[in-house]
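These protein sequences, in sequence, are chains A and B. This note's numbering numbers the first residue of the first sequence as 3 and each following residue consecutively. This note's numbering numbers the first residue of the second sequence as 72 and each following residue consecutively. Here is the structure we will look at.
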Amino acid sequence: MKRFLTLLLSAFLIASCSSSGETTTSNSPANYIENKGSDTIVNLALAWAEKYQTDHPDVRISVTGGGSGTGIAALVNGTVDIANASRKIKDEEIAEAQANGVEPLEHIIARDAIAVVVNPQNPVSQLTLQQISDIYSGKYTNWTEVGGEDRPIVRLSRETNSGTHVYFLETVLRLGSKEDKTLFSTNTLLLPSSEGIISEVRDNPNAIGYDGLGYVPDDLKMIAIAKEEGGEYVLPSIETVNDKTYAIARDLYMYTDGDPTGVIKEYLDWILSAEAQQIVAELGFVPVK
Amino acid sequence: MEKSLSWREFIITRLIQSSGYSAVLFVALIFFFLLREGLPALGEVEISTLFSARWYPIEEYFGVLPLISGSLIVTLGATLVAVPFGIGTAVFISEIAPRWVREILKPFVELLGGLPSVVLGFLGILVVSPFLRVFLDLPTGLTALTGSLLLGGIAVPTVVSVAEDALDSVPRAYREGAWALGATRWQTIWRVTLPAAKSGVLTAVMLGVGRAIGETMTVMMVTGNAPVLATGLGSLFSPVRTMTATIAAEMGEVANGSVHYHTLFFIGMVLFLISFIVNIIASSVVFRAKKRAERILS
């Protein structure tokens, strides 16, 4: 009897936990859009959702961040309608999605550039991609090696689950080469948020960090970057990203399950309109058109 | 009438009984869940990789040693901060402070204990870390030491309230006896009251250590999260990555059932094991102290 009651109680508790988790998604009405993913895109997605909802009061859009991987995982599990990603979906994620009966479809919705930032007190103002790679891989440990003051270099990076981290690893550390197995130096500080990186760079003259162009405030110093030694040093801006002269720029994506229909299609069409792309520019990203 | 009363009695008894047993049940369930999700890591990752010094999970480097050493060094630092401060405060509140001071101090210490750790993390980023960088001339202020100081602050209220209870329950006759023998106040505290409350004070220390090792949010914000293997006390002044921060930062992203997922649960197992050992040490110390006390008293 004692054992039976214990079992009954725990079964009841487990059942009540699992059912409360599901009701929120299965009962969503037809004009409700769940949008989740990349932290790089979250502010943009929020601004879009806000504007769209004021123009279409019958549509509800819920936007959450968490990282590109989190968003895609949620799309694979069928808990969101649109996943935001700052990187292309991986092959294994596509395989996982297909195993779950989900067909991820890619939409390029904006462009983004990663700015490399230092403290304004730091005299270094331009670097080549190779130099940045050597700084982050741990080859250079003092700012004098890249023409700066005698200070130790403190490397800041986003956490490994951030799309920005993976993009920076592939494009800058490994200079876009698939065979290159260069890794971040182990004493690279992995900070969980953009704000963490910005506040440390603002405060610490030893620090070097990177973040989406849209997130860099005016009081940090952006580094002009050359693609190779002897090349032209280019500061990141909307113009230099669009004419492809700035080296660290990428496309931003939304993924849907198959061809979008109904409200989701209308929303995605609107996102590519001139009105929505205007918001992209206002937030420091780069419009697609 | 009588029948319904006995029925009610029966139901209430069983309900209370089952809620008591359920605590044991849940711990067991959590433990089995951890084992089920964490043990596969031992098969999927080579042992030599698992106990190597490189943690970079997105490229299949699953060395957990830097994380374990990071947690240990931050916890050690926090203990060094929390124990003297905590016991000192407890002694002051229970033995020295006048009644009205005690009445103000106690609720404030408890309030400190209720402070959300995110708030302390912000304090760490904005105040403690810049201060330490300038004051100690470090490359960066996001170090194990910053984490230790803040975790010490988090653990202090736990240590204070448990140690203070223990000191409070020392019979007044002990102190009066010491005073009658001509002992000063300090001698009474150091030689009589504290030893008499030893088991309770040790429990307080262990609970404080447990609180520090399990803390997540603050350390994730202020220790820099660089997975460098700590080699000595010098690592206290450089960034470290703790086990808790790793699990918190990476669990949201990881694909269910992947090697990375199992490895994170493996780290959870290690963490569980460490707090289990801390608890066992604490209770065995208390048990031994009790036996000795009984011997003396009998």
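Quick reminder that beta carbons are idealized off the backbone N, C-alpha and C, glycines included. Quick caveat: nothing in here was measured; it's all calculated off a predicted structure.
**Message:** Once DSSP output is grouped into helix, strand and coil, what is the label at A/Tyr248?
**Reply:** Taking the first sequence and counting its residues from 1, the one referred to as residue 248 of chain A is at position 246. Of the three classes helix, strand and coil, the one that applies to A/Tyr248 here is coil, per DSSP.
**Request:** Would you kindly work out how many angstroms separate the C-alpha atoms of A/Val282 and B/Asn296, rounded to a whole number?
**Result:** Walking along the first sequence from the start, residue 282 of chain A turns up at place 280. Walking along the second sequence from the start, residue 296 of chain B turns up at place 225. Computed Cα separation, rounded: 32 Å.
**Asked** Does the beta carbon of B/Tyr332 sit closer than 8 Å to a beta carbon anywhere in chain A?
**Response** Translated into positions along the second sequence, residue 332 of chain B becomes position 261. Residue contact with chain A for B/Tyr332: absent (no Cβ-Cβ distance below 8 Å to any residue of chain A).
**Prompt:** Can you list, in chain order, the residues of its chain whose CB lies under 7 Å from that of B/Gly441, leaving out five sequence neighbours each side?
**Reply:** Any answer about residue 441 of chain B is impossible in this case: the structure gives chain B only from 72 up to 369.
**Prompt:** Given that B/Met291 touches chain A, what residues does it touch there, using C-beta distances under 7 Å?
**Reply:** The residue you call residue 291 of chain B lines up with position 220 of the second sequence. Pro194, listed in chain order.
**Asked** For B/Glu313, which of B/Leu182, B/Ser219, B/Ile82 has the nearest alpha-carbon?
**Response** For the purposes of this step, residue 313 of chain B is taken as residue 242 along the second sequence, with counting starting at 1. A small correction: the amino acid at residue 313 of chain B is Thr; Glu does not occupy that position in the sequence shown. Closest by alpha carbon: B/Ser219.
**Asked** At which residue ranges does the region 39 to 120 of chain A contain complete alpha helix (DSSP H) runs of 4 or more residues, listed in the order of the chain?
**Response** Segments of the alpha helix (DSSP H) lying fully in the region 39 to 120 of chain A: 41 to 57, 70 to 78, 93 to 101.
**Message:** For the region 226 to 257 of chain B, list every residue whose C-beta sits within 9 Å of some C-beta in chain A, in sequence order.
**Reply:** Listed by position, the residues of the region 226 to 257 of chain B near chain A (Cβ gap below 9 Å) amount to none.
**Item:** For A/Thr27, three-class secondary structure by DSSP
**Value:** Here residue 27 of chain A refers to the residue found at position 25 when the first sequence is read from its first residue. Any answer about A/Thr27 is weak, because its pLDDT of 40 lies below 50 and its placement is not dependable; what the coordinates show is given next. DSSP places A/Thr27 in the helix class (H, G or I) of the three-state scheme.
**Request:** For the region 238 to 263 of chain B, list the alpha helix (DSSP H) runs that are entirely contained and at least 4 residues long, ordered along the chain.
**Result:** Fully enclosed alpha helix (DSSP H) runs of 4 or longer: 243 to 251.
**Request:** Classify B/Leu304 as buried or exposed, calling it buried when 16 or more other Cβ atoms lie within 10 Å of its own Cβ.
**Result:** Counting from one through the second sequence, the residue named residue 304 of chain B turns up at place 233. With fewer than 16 Cβ atoms within 10 Å of its Cβ, B/Leu304 is classed as exposed.
**Message:** the ligand GTP and B/Glu117: does any heavy atom of the ligand fall closer than 7 Å to the residue's C-beta?
**Reply:** Among the components modelled here there is no ligand, and therefore nothing to report on the ligand GTP.
**Request:** Can you grab the Cα-Cα spacing for the pair B/Leu71 / B/Val233, in whole Å?
**Result:** The question about residue 71 of chain B has no answer here: the residues shown for chain B are numbered 72 through 369.
**Message:** Residues of the region 120 to 153 of chain B in Cβ contact with chain A at a cutoff of 9 Å, in chain order, please.
**Reply:** Within the region 120 to 153 of chain B, the residues whose Cβ lies closer than 9 Å to some Cβ of chain A are Ala124, Arg125, Trp126, Tyr127, Pro128, Ile129, Glu130, Tyr132, Pro137, listed in chain order.
**Request:** From the DSSP output, in three-state form, read off B/Ser354 for me.
**Result:** Along the second sequence, read from residue 1 onward, the residue named residue 354 of chain B stands at position 283. The answer is helix: DSSP assigns B/Ser354 an H, G or I state.
**Message:** So for A/Ser159, helix, strand or coil by DSSP?
**Reply:** On the first sequence, residue 159 of chain A is found 157 positions in, with the first residue counted as 1. In the displayed model, A/Ser159 falls within a strand according to three-state DSSP.
**Request:** Pull up the distance between the alpha-carbon of A/Ile137 and that of A/Ser159, whole angstroms please.
**Result:** Mapped onto the first sequence, residue 137 of chain A falls at position 135. Mapped onto the first sequence, residue 159 of chain A falls at position 157. Note on geometry: alpha-carbon atoms of A/Ile137 and A/Ser159 lie some 12 Å from one another.
**Prompt:** Relative to the C-alpha of B/Glu130, which residue among B/Val116, B/Leu136, B/Pro242 is closest?
**Reply:** The sequence position of residue 130 of chain B within the second sequence is 59, counting from 1. Checking every option, the nearest Cα to that of B/Glu130 belongs to B/Val116.
**Request:** Quickly, what does DSSP pair A/Thr130 with across the bridge? List them, please.
**Result:** As a working mapping, residue 130 of chain A is identified with position 128 in the first sequence. According to DSSP, A/Thr130 bridges with A/Ala228.
**Prompt:** Among all the DSSP beta bridges, which residues are the ones paired with A/Leu192?
**Reply:** Within the first sequence, the letter at position 190 stands for residue 192 of chain A. Bridge partners of A/Leu192: A/Ser159.
**Message:** Does any residue of chain B have a CB that is nearer than 8 Å to the CB of A/Glu98?
**Reply:** The residue you call residue 98 of chain A lines up with position 96 of the first sequence. So yes, A/Glu98 belongs to the interface.
**Request:** Sort A/Asn124, A/Gln132, A/Lys180 by Cα distance to A/Ile155 and report the nearest one.
**Result:** The sequence position of residue 155 of chain A within the first sequence is 153, counting from 1. Restricting attention to A/Asn124, A/Gln132, A/Lys180, the CA atom closest to the CA of A/Ile155 is found in A/Asn124.
**Prompt:** With C-beta atoms as the reference, is B/Val227 less than 8 Å away from B/Ala153?
**Reply:** Within the second sequence, the letter at position 156 stands for residue 227 of chain B. Within the second sequence, the letter at position 82 stands for residue 153 of chain B. A distance below 8 Å separates the beta carbons of B/Val227 and B/Ala153.
**Prompt:** Looking at the C-beta of B/Leu203, does it have a partner C-beta in chain A at a distance below 8 Å?
**Reply:** Working through the second sequence from its first residue, we reach residue 203 of chain B at position 132. Not one chain A Cβ lies under 8 Å of B/Leu203.
**Item:** CB of B/Ala249 within 8 Å of CB of B/Val272, strictly
**Value:** The count along the second sequence starts at 1 and reaches residue 249 of chain B at position 178. The count along the second sequence starts at 1 and reaches residue 272 of chain B at position 201. No, the Cβ-Cβ distance between B/Ala249 and B/Val272 is not below 8 Å.
**Asked** Taking Cβ-Cβ distances shorter than 9 Å, what residues in chain B pair up with A/Leu185?
**Response** The residue labelled residue 185 of chain A in the question sits at position 183 within the first sequence. Per Cβ cutoff of 9 Å: Arg125, Tyr127, Glu130, Tyr132.
**Message:** For the pair the region 179 to 196 of chain A and the region 125 to 133 of chain A, tell me if three or more CB-CB distances fall below 8 Å.
**Reply:** Contact between the region 179 to 196 of chain A and the region 125 to 133 of chain A is absent, because fewer than three Cβ pairs lie under 8 Å.
**Prompt:** Roughly how many whole angstroms lie between the Cα atoms of A/Glu147 and A/Leu131?
**Reply:** For the purposes of this step, residue 147 of chain A is identified with residue 145 of the first sequence, where counting begins at 1. For the purposes of this step, residue 131 of chain A is identified with residue 129 of the first sequence, where counting begins at 1. Answer to the nearest angstrom: the Cα atoms are 15 Å apart.
**Request:** Compute the Euclidean distance between the alpha carbons of B/Lys268 and B/Ser240, then round it to the nearest angstrom.
**Result:** For the purposes of this step, residue 268 of chain B is identified with residue 197 of the second sequence, where counting begins at 1. For the purposes of this step, residue 240 of chain B is identified with residue 169 of the second sequence, where counting begins at 1. Sequence check: residue 268 of chain B is Ala here, not Lys. Between B/Ala268 and B/Ser240, the C-alpha separation is close to 8 Å.
**Message:** Please confirm whether A/Asn189 has its beta-carbon closer than 8 Å to some beta-carbon of chain B.
**Reply:** Counting from one through the first sequence, the residue named residue 189 of chain A turns up at place 187. A/Asn189 counts as touching chain B.
**Message:** Closer than 8 Å is the cut-off here; do at least three beta carbon pairs connect the region 181 to 193 of chain B with the region 277 to 290 of chain B?
**Reply:** Contact between the region 181 to 193 of chain B and the region 277 to 290 of chain B is present, because at least three Cβ pairs lie under 8 Å.
**Prompt:** Looking at the unbroken alpha helix (DSSP H) that takes in A/Tyr269, where does it start and where does it end?
**Reply:** Position 267 of the first sequence, counted from the first residue, corresponds to residue 269 of chain A. Here the alpha helix (DSSP H) through A/Tyr269 covers 264 to 273.
**Message:** Could you tell me the alpha carbon to alpha carbon distance between A/Tyr269 and B/Thr84, rounded to whole angstroms?
**Reply:** Reading the first sequence from its first residue, position 267 is the one you call residue 269 of chain A. Reading the second sequence from its first residue, position 13 is the one you call residue 84 of chain B. Cα to Cα, A/Tyr269 sits roughly 58 Å from B/Thr84.
**Message:** Measuring only the C-alpha atoms, how far is A/Gly264 from A/Thr42?
**Reply:** If you number the first sequence from 1, residue 264 of chain A lands on position 262. If you number the first sequence from 1, residue 42 of chain A lands on position 40. Those two C-alpha atoms are separated by around 27 Å.
**Message:** Would B/Gly212 and B/Leu222 qualify as a contact pair, given that the criterion is a beta-carbon distance under 8 Å?
**Reply:** In the second sequence, counting from the first residue as 1, residue 212 of chain B sits at position 141. In the second sequence, counting from the first residue as 1, residue 222 of chain B sits at position 151. No, they are not a contact pair.
**Prompt:** What are the uninterrupted segments assigned as alpha helix (DSSP H) that are 4 or more residues long and contained completely in the region 300 to 355 of chain B, given in chain order?
**Reply:** Runs found: 314 to 321.
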